[in-house]
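Asks:
Residue numbers (this note's numbering): 189 to 245.
1. Report back the beta-carbon spacing between residue 189 and residue 202 to the nearest angstrom; my notes put them in contact at under 8 Å.
2. Would you say residue 222 and residue 239 are within 8 Å of each other, going by their C-beta atoms?
3. Reducing DSSP to helix, strand and coil, say where residue 206 ends up.
4. If the criterion is Cβ atoms closer than 8 Å, does the pair residue 192 and residue 198 meet it?
Dropping the structure here:
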């Protein structure tokens with residue numbers, strides 16, 4: 189999924205963040221990452237990743 193530079197170090201196409209991977213794994217478990225909260229802690233909106241639908245069958 190996607191392309192990297194000639195050394196394979198940086199993504200150059202279809203870039204994703206770690207939070208996207210977390211959201212994708214949680215989705216596979218049937219959980220919505222946008223609704224998960226830790227009691228007593230505020231979540232940052234930047235903390236929410238998006239499900240990587242292109243890699244799911």
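All residues carry an ideal CB built from backbone N, CA and C; glycine is no exception.
Replies: The structure says:
1. 6 Å
2. no
3. helix
4. yes
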